[in-house]
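A.B. asks: Final position of the sequence shown in my numbering is 67; the numbers increase by one with none missing.
Cβ atoms here follow ideal geometry from the backbone N, Cα and C, with glycine treated the same way.
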Amino acid sequence: MNRGIASLHRLDGFSEIKENLQYWLTKTPQERLEVVDYLRSQVNGNTERLQRVVKVIHNAIK
6 MNRGIASLHR LDGFSEIKEN LQYWLTKTPQ ERLEVVDYLR SQVNGNTERL QRVVKVIHNA
66 IK
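#1: What's the C-alpha gap between T33 and Q47?
#2: According to DSSP, is K23 part of a helix, a strand, or is it coil?
#3: Grouping DSSP H, G and I as helix and E and B as strand, with all else coil, what is S46?
#4: Measuring only the C-alpha atoms, how far is V41 from K60?
#5: Would DSSP call R37 helix, strand or coil?
Written out as structure tokens, the structure reads:
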């Protein structure tokens, strides 16, 4: 691993991360999903569904 690009850190040393984890573990899975949906709507707009993307690839070999 090139240590000039990235550095290793132990997550247990970061109190903010631990506090966030403890907070979210107190929430029910339903509450967590509601927050994920809220954050998704903030990024993608207030659409009820995710965008559908279709990519058509033409086969050149016949």
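C.D. replies: According to the data block:
#1: 22 Å
#2: helix
#3: helix
#4: 27 Å
#5: helix
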